[in-house]
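Take a look at the structure below.
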Amino acid sequence: MAENGLQLRSRNPSTHPKPSRGGWNAAIFIIFVEVAERFAFYGLAGNLIMYLTNELHQPTAMAAKNVNLWMGVSSLFPLVGAVVADSYLGRFKTIIFSSSIYFMGMFLLCLSVSVVPLHYREAIFFVSLYILAVGEGGHKPCVQTFAADQFDEDSEEERKAKSSFFNWWYLAIVIAGTVASLVVIYIQDNVSWVIGYGVLAGVIAAGIILFLLGIKSYRKQGPLGSPFTAVAQVFAAAARKWRVKETHDWDVYYGDERSETHMEAQPKQKTLARTKQFRFLDKAMIIDNLDASSTTRNPWRLCSINQVEEVKLVLRLIPIWLSCLMFNVVQSQLHTYYTKQGSKMNRSMGPHFQLPPASLKVFVGITILITVPIYDRILVPMARKLFGHPAGITVLQRIGVGLFLSILNVVAAALVEAKRVSVAKQHDLMDNPKAIIPIRVWWLLPQYLICGLSDTFAVVGLQELFYDQMPEGLRSLGAAAYISILGVGSFLSSAIISLVQAISSKSGEEWLGDNLNRAHLDYFYWVLAGLSALNLCVYVWTNGENNNLVCNLCVANDPLVLCHLVFTLLKEHGGGRVFKTLQWLVHSLDKEKVSLGAIVTEDEIRTSRHLRQCASEQKIPVMVSNS
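Counting in my numbering, the sequence shown runs from 5 upward without gaps.
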């Protein structure tokens, strides 16, 4: 049992009926508050660079860095929000407090563009922005998880409803962003900034009210404890036993019944296989002489095999996290230089209407709305036939496609910018920074469409990866970790802008000056394309081993899931690694039947037989113990 790191226990299903709350009747109210928050965010972020340059008169490069800095902080605060929710307040209370803070920030933003004196306006405006960042930090990691909590995993009907919920959730967010990009940004550009921001504040208030209307229907869960504590315990225990030699015949700690009982109200734990990566952490699970002589377990000195393997799962995601940062550097240009590009082009739609440059982002949302169903209904079945993978392609391959498309995105932007500058030269407009160049804004359409297409692959793939591969107790942290990619990517974008400015200024030509006609924005885009190409190579190299990432997640407590998992792995990956996995799983189940005796359930026995039968049908060599 210690050899393969697998421990199976039977569990009697709870005889307590599930509460009658939750389900779609509760989830719909949570969708309302998320739609309101996303509507406000896109209505603010989409046109922020235009307010900073046109109203606060900041240089373009400084405005771009300020936008990136704010979006970066907004994307990092969810790490704090996840800890506060899991350790102290619970998700429901965190959503209430964070949404209230968000409304306060939006209300102060309205005041900063209306009644605040001009010499204080910029300071109050930025204070308002960072109050919004604090509010988003509590809202973002909790709201989707809280909505998913409304569906009971033990109910077949609610499991199907939960799957449908995620589709409607994503659709609602995209629609909210699309409407904000069209309506609110038009009001800001053509009517009034005060009214534009006032609409955003009103929508946030309406979202909070609707969320509170559903308070009696929610299925709530209290704080579960800090996700960082379990991670810290593994590192501390491994460090305290750094002198212990693994070659010694030590026992391994699998956990105890009391901890299992204590966790009954939480999601069912998965049993994880012992892996060979990050072997230095394995010392945390070794029962040495001091542990054996102690009457109580010190969690900072001895951790279960499951706890250690969960930390390993987190560590395996770090290379993926790092290699996806450049993707968001490219995507962050959507809110900065792409908008400035559009502001210098002909945006006329008829004699009396000018398309706001930030409204071009609507094509990103439209692309996502079109391509997600096409991907799901057409591309996945085709890829499934070609590659034999049940999802068409693996999650890591999907992310890789998104990274490749982001290179094409910035290459298209560079080519269009070069074309725009050449037209400016032809019409002798190089020294007129406020001139509208006689080239249609629709030239920018390819880069916006490719941006939406890359989101369909990379963003959705990252969300899936950081949900599926995080241990169940750390999934709030996983959501925050995914969001933090956006934040760190925005910081990295600001750093690259500063570096490009410094180097180009020394050579005598400022690439990112206020006069885009004399600047070399296209050179900057080519730099991003080169860095993104290098990043893609690093991603492929570092994550080659991680293509078998899911092989390390072994089995849910329901043993019948084992069969489905193993043969899914066979279809996904093939190769000797999966065959070996199948060998020790079958061998382990038969050993468990002998060693655990009456504790083994009928399901476990049927699982062992089913594995042997499937292996025989697929002509896979399997070593089975018949003792």
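Virtual Cβ for every residue (Gly too), placed ideally from N, Cα, C. Remember, it's a predicted structure, so these values are computed and weren't measured experimentally.
Under the three-state DSSP convention, the category residue i falls into
i: R522; result: coil
i: M667; result: The structure shown has nothing for residue 667, since the chain only spans 5 to 631.
i: R444; result: strand
i: V117; result: coil
i: Q225; result: coil
i: Q358; result: strand
i: S498; result: helix
i: Q473; result: coil
i: W545; result: helix
i: K69; result: helix
i: R25; result: coil
i: N51; result: coil
i: E514; result: coil
i: Q62; result: coil
i: T371; result: helix
i: G218; result: coil
i: K344; result: helix
i: G206; result: helix
i: V248; result: coil
i: D156; result: coil
i: V195; result: coil
i: K365; result: helix
i: Q281; result: coil
i: G94; result: coil
i: S103; result: helix
i: S78; result: helix
i: S509; result: helix
i: C555; result: Low confidence applies to C555: its pLDDT is 37, below 50, so where it sits in the model is not reliable, and the reading given next is rough at best. Reduced to three states, the DSSP call for C555 is helix.
i: S298; result: coil
Beta bridge counterpart(s) of residue i as assigned by DSSP
i: I290; result: V256
Buried or exposed (CB count within 10 angstroms, at least 16 for buried), residue i
i: F81; result: buried
i: N413; result: buried
i: T299; result: exposed
i: V119; result: exposed
i: S488; result: buried
i: Y92; result: exposed
i: M4; result: What is shown of the chain runs 5 to 631, which leaves residue 4 out entirely.
i: L216; result: exposed
i: A68; result: buried
i: M349; result: buried
i: E513; result: exposed
i: N293; result: exposed
i: S458; result: buried
i: F357; result: exposed
i: Y124; result: exposed
i: H431; result: exposed
i: P145; result: buried
i: N436; result: exposed
i: A635; result: With the chain covering only 5 through 631, there is no way to say anything about residue 635.
i: G109; result: buried
i: I219; result: exposed
i: I213; result: exposed
Sub-8 Å separation of residue i and residue j beta-carbons
i: L56; j: N70; result: yes
i: A86; j: V207; result: no
i: I189; j: F150; result: no
i: P442; j: V425; result: no
i: A241; j: F284; result: no
i: L60; j: Y106; result: no
i: S336; j: S497; result: yes
i: A40; j: A205; result: no
i: V84; j: G47; result: no
i: V368; j: Y452; result: yes
i: N51; j: A483; result: no
i: V504; j: V531; result: yes
i: K316; j: K287; result: no
i: W173; j: I35; result: yes
i: D90; j: P303; result: no
i: S494; j: S79; result: yes
i: L525; j: L535; result: no
i: A533; j: A418; result: yes
i: R388; j: Q225; result: no
Short CB-CB distance (under 8 Å) between residue i and chain C
i: P437; result: The chain inventory of the structure shown lacks chain C, comprising one protein chain alone.
(request) Could you pull out every unbroken alpha helix (DSSP H) segment of at least 4 residues lying fully inside the segment 300-341, listed in chain order? (result) 309-327 and 329-335
(request) Any chance you could list the alpha helix (DSSP H) runs of at least 4 consecutive residues sitting entirely within the segment 390-458, in chain order? (result) 399-430 and 449-458
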